[in-house]
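Chains as they are written, first to last, in the UniProt record's numbering: chain P, 1 to 269; chain F, 1 to 547; chain X, 1 to 352.
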């Protein structure tokens with residue numbers, strides 16, 4: 001409760017309340033006027049765009065320009081699509097905090113409803129990939145083995161065998177895919193955020209993407225089985241070598257010290 | 001009892017020797033075991049933890065052989081492509097070589113197979129790490145000096161062959177990581193001038209990857225290299241027995257004796273027990289920490305790759321050299337000299353060769369032909385110690401280069417910056433390490449000298465009648481005095497007079513001049529602190545009233 | 001240089017001192033070797049109760065080992081090979097591996113610990129000195145050996161009968177050649193194998209993900225696609241060798257961004273096809289950064305600029321990635337306009 005009351009004074013609180021009210025109104029309208037559903041959707045859509053534009057003006061326009069045309073501080077958003085916005089804002093990368101080699105993933109500051117409005121606004125600037133539906137990215141029933149092969153062909157070179165991440169040039173990096181929402185993985189493949197290349201449906205089909213997500217779900221989730229014991233980060237021989245030196249040889253030398261040490265004498269001379 | 005009954009089996013009745021003794025008699029008549037045991041059964045071994053590093057290596061080697069034999073019972077060294085239909089879901093229906101599939105089956109379907117695989121691999125990493133540390137112990141204490149130079153070379157060969165045995169073993173499962181390593185090896189072989197392409201074609205039975213390399217690496221890994229290593233290890237041990245172990249300086253310990261406890265029973269129990277301790281620790285590690293989970297890496301395909309593509313640690317040094325090298329390539333008369341790959345390949349051998357040949361260089365500089373059985377404290381051989389530390393730091397720079405991508409991601413640095421550090425560090429770090437180590441050694445020598453002459457600082461502050469504060473110094477015991485002054489100090493070599501006794505000009509070869517120069521760097525005034533003499537000690541102890 | 005002429009004075013004089021018997025510490029030499037310190041008793045040596053405690057500890061360790069071995073057998077017989085358990089800090093792991101490794105580790109460690117504890121607390125810890133003897137033989141022995149050798153050598157008449165000697169050396173020198181020639185069967189001569197790939201004129205570019213040919217419109221700017229020649233099938237024998245050379249990486253740039261003239265010429269509407277095999281040592285390079293157009297090798301960090309003829313901008317690779325000339329066939333699908341014009345992959349002596 002305390003949290004909620006604190007958030008009441010948040011600058012965005014009014015907007016959130018307004019949104020909820022609007023959504024409720026829209027919902028009621030839709031229920032009571034089914035015949036005019038299409039028109040109602042349009043209205044809801046334009047309302048969302050309008051709200052999105054307001055959010056955009058506050059949080060994004062300083063870098064991406066008032067009309068999303070881009071500035072020296074941020075690229076143009078015309079044609080990047082809703083999926084792009086959902087990924088960037090939904091993973092906390094946007095709004096960016098400071099310039100650097102790469103914008104890192106961080107705490108998300110918008111609600112999903114706000115993200116949807118922002119996405120709707122940006123999508124209205126020019127056609128681009130849409131936010132995928134649950135059916136598109138849900139790994140249930142997909143072929144994780146085929147996904148594994150696709151992952152090793154398309155993704156592992158940057159993200160490592162099981163998506164633990166890796167280095168790119170000049171301080172850039174491919175992030176770890178641990179704890180990333182399947183939706184965001186799908187969107188990243190679709191849109192190619194930052195320096196990641198995109199894998200549009202024309203070259204990596206919807207089924208391919210689903211298989212890849214199923215593979216990641218199998219090898220890089222909280223209940224992934226690591227048969228042999230501790231995974232040591234999944235980084236391969238460097239981590240294993242370090243472990244062998246520190247814990248393996250370290251333990252054996254400690255044992256050797258015990259074996260060779262003088263036994264305590266009855267009395268000190 | 002009848003005296004004719006000479007075949008009686010009852011030992012008590014005729015006062016016959018017990019069964020064990022009779023077996024020993026039987027063996028002695030054929031093998032001469034009593035003479036062997038006379039020299040060795042109560043052989044004396046000195047006690048020190050650093051003398052057990054070699055045992056870690058020997059035992060992990062035995063563990064590797066035991067587990068390796070078990071693995072051969074299930075492993076199929078074949079590159080035939082098969083479709084996988086085993087228990088591991090994320091590889092269902094995938095194409096893979098039989099080698100990869102049988103390794104999956106060892107891991108998932110053979111009861112205890114995964115444990116043995118993991119013991120085998122962990123023991124291999126520890127074996128190489130153990131050999132490295134053992135070699136450094138021998139180096140820094142000067143245990144490689146006469147008569148042990150050949151045993152040093154045996155040990156070095158074991159380390160070098162261990163690297164290649166490890167590498168061929170790592171390549172056998174034919175997974176995406178090891179396959180990338182094999183591809184790298186093939187690319188490196190191609191860079192060899194003139195014969196590179198031929199060696200590559202012969203090794204792989206044609207183009208890369210071909211159908212042969214797993215089977216060929218298999219016989220190299222399980223037969224050729226371990227066979228040679230086993231022979232070398234036995235020879236290494238025989239020489240350790242023959243030379244008798246070195247010992248650290250101390251009261252009662254001279255160059256002509258070895259002080260310790262007898263093989264039977266103390267070392268039988270300690271060394272025998274240590275085998276079980278090493279095996280136990282490695283088994284426990286294999287129980288809790290995964291190594292080389294090939295199912296997560298996937299089967300090898302030459303058009304697939306993953307980041308974090310590294311060899312096992314012992315090849316990391318070579319990997320670092322390759323990563324840091326600029327891409328030099330010279331084309332001339334229709335030929336290509338691939339220096340960007342070939343130079344690191346040569347450097348890899350060269351850096352290892354330098355440490356292997358060091359004992360011969362040092363004995364040439366000192367000209368010392370005597371046997372040495374008392375170990376040096378590293379501080380008392382500052383130039384050697386500094387050289388060793390410089391070499392280790394060189395090796396470490398290479399290791400950092402080999403893991404540059406993980407260092408970049410874990411410490412939020414640019415991979416290009418890490419690579420540049422390695423490029424510059426390859427030249428600068430050993431020099432800095434050399435200078436600093438030498439200074440530290442000289443500082444420690446000075447402190448030893450102070451301790452001998454003025455005693456140990458007790459931490460007790462005393463106020464003298466006239467108000468001055470002094471710290472009470474306690475004189476060292478005679479044991480300590482002996483231990484701190486037992487080491488020898490060489491005097492730098494001299495060119496000698498320009499003319500001989502008849503006034504004829506002496507010819508001094510440039511090699512001799514170099515030797516004298518190096519000798520001065522080793523044993524000149526700036527390179528060692530003269531140890532206290534008896535006269536100095538007496539003067540100080542009699543001259544000063546207080547300690 | 002011979003080391004015989006090394007002046008004795010450069011050697012330390014100390015060794016002679018260290019040789020002899022133990023010096024008694026006296027006014028003359030305060031640094032003299034005081035000899036082995038007297039043996040001190042351990043608690044176990046003088047207190048039988050402590051010795052009993054040690055004995056019990058050793059026995060306990062050996063008993064623990066036996067129990068652990070029984071545990072190992074029980075685990076082997078009862079735990080299913082695919083049983084997974086969650087263990088804190090270790091994660092979801094194989095129960096059998098943990099149980100077998102844990103019991104085996106304890107069984108072995110306890111034997112070792114028991115033996116060492118026994119040795120350390122109950123076996124005699126009196127230090128004794130063994131004499132060393134010089135390794136070098138005495139002059140008499142050496143003289144005898146040399147005489148024997150000379151006699152033997154003389155009796156063989158090897159020095160006198162040079163015809164035998166020379167032909168024997170000749171035969172021994174030649175016979176290993178047979179072995180060398182036998183190794184020739186290990187593989188074929190290189191020939192021009194490293195110069196050709198499966199690509200040829202008219203070969204369709206097949207998307208490795210979808211196994212379909214591609215139209216230019218399928219490939220968006222900023223995307224990354226991998227292709228293989230139409231004829232290759234991963235189920236067929238020989239696929240590995242072919243894909244090791246033919247693997248292709250396809251990206252699309254804005255034609256204005258392409259700095260290299262030949263690259264532009266060999267592209268199709270900004271779509272460029274480069275060998276996926278690194279020119280350093282042959283790793284499949286494909287860490288493509290779509291904003292910088294740099295592609296990085298994960299193995300040794302060679303970096304190539306795909307907007308500038310894939311020239312090397314960092315790392316150990318010696319030359320640019322080979323480009324495949326592509327176009328569009330009558331049906332609108334991307335096709336190769338020939339093989340690579342230079343060998344793909346790592347450089348070699350005959351590459352030129």
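Positions of the beta carbon are idealized from the N, C-alpha and C atoms, including for glycine.
Boundaries of the alpha helix (DSSP H) around residue 241 of chain X: 239–246.
Burial state of residue 52 of chain X is exposed, judged by a 10 Å Cβ sphere holding fewer than 16 other Cβ atoms.
Interface annotation, residue 151 of chain P: not in contact with chain X, CB-CB separation never under 8 Å.
If you draw a straight line from the Cα of residue 189 of chain X to the Cα of residue 200 of chain F, it is about 10 Å long. By the criterion of a C-beta distance shorter than 8 Å, residue 224 of chain X is surrounded in its chain by 249, 250, 251, 286, 288, 290, once the five residues flanking it on both sides are discounted. Judged by pairs of C-beta atoms under 8 Å, the segment 331–343 of chain X does not touch the segment 344–364 of chain F, as fewer than three such pairs exist. Note on residue 112 of chain P: under 16 other CB atoms within 10 angstroms of its CB, so exposed under the neighbour-count rule.
Across the structure, residue 335 of chain F and residue 302 of chain F are spaced so that their CA atoms are roughly 26 Å apart. Between residue 237 of chain P and chain F, the shortest Cβ-Cβ separation is below 8 Å. If the five residues before and after residue 100 of chain X are omitted, its C-beta is found closer than 7 Å to the C-beta atoms of 72, 75, 76, all from its own chain and listed in chain order. Residue 240 of chain F and residue 247 of chain F do not touch by the CB rule: their CB atoms are close to 13 Å apart, not below 8 Å. Cα atoms of residue 172 of chain P and residue 275 of chain X: separation of roughly 24 Å, rounded to the nearest angstrom. Listed by position along chain P, the residues whose Cβ is nearer than 8 Å to that of residue 290 of chain X are 192, 195, 196, 197, 198. Contact between the segment 134–147 of chain P and the segment 183–195 of chain P is established, with three or more Cβ pairs separated by less than 8 Å. Rounded to whole angstroms, residue 176 of chain P and residue 193 of chain P show a C-alpha spacing of 14 Å.
Between residue 144 of chain F and residue 359 of chain F, the C-beta spacing is below 8 Å. According to the DSSP assignment, residue 164 of chain X belongs to the alpha helix (DSSP H) that extends over 162–174. Residues of chain F with a Cβ closer than 7 Å to the Cβ of residue 209 of chain X do not exist; the shortest Cβ-Cβ separation is about 13 Å. With its beta carbon at least 8 Å from every one in chain P, residue 196 of chain X lies outside the interface. Cβ atoms of residue 44 of chain F and residue 262 of chain F come within 8 Å of each other, at about 6 Å. If you ignore the 5 residues before and after residue 407 of chain F, its C-beta comes within less than 6 Å of the C-beta of 418, all in its own chain and listed in chain order. Relative to residue 62 of chain X, the option among X:176, X:155, X:112, X:148 whose CA is nearest is X:112. When secondary structure is reduced to three states using DSSP, residue 319 of chain F falls in the helix class.
DSSP places residue 242 of chain P in the helix class (H, G or I) of the three-state scheme. Excluding its 5 nearest sequence neighbours in each direction, residue 398 of chain F has C-beta neighbours in its own chain below 6 Å: 317, 320, 321, listed in chain order. In the DSSP assignment, residue 335 of chain X falls within the unbroken beta strand (DSSP E) covering 334–336. The three-state reading of DSSP puts residue 300 of chain F in coil, since its state is none of H, G, I, E or B. By the neighbour-count definition (other C-beta atoms within 10 Å, threshold 16), residue 415 of chain F is a buried residue. Ranked by Cα distance from residue 129 of chain X, the options F:236, F:462, F:46, F:437 are led by F:46. In the DSSP secondary-structure assignment, residue 304 of chain X is bridged to X:295, X:312.
The residue among P:239, P:228, P:254 with its C-alpha nearest the C-alpha of residue 85 of chain X is P:228. If you ignore the 5 residues before and after residue 308 of chain X, its C-beta comes within less than 6 Å of the C-beta of 259, 260, all in its own chain and listed in chain order. In the pairwise beta carbon analysis, the segment 277–296 of chain F is classified as not touching the segment 359–368 of chain F: fewer than three pairs are separated by under 8 Å. Looking at P:58, P:54, P:55, P:75, the one whose alpha-carbon comes closest to that of residue 64 of chain P is P:75. For residue 46 of chain X, the uninterrupted alpha helix (DSSP H) run begins and ends at 43–46, by DSSP. Residue 93 of chain P and residue 271 of chain X have their C-alpha atoms roughly 30 Å apart.
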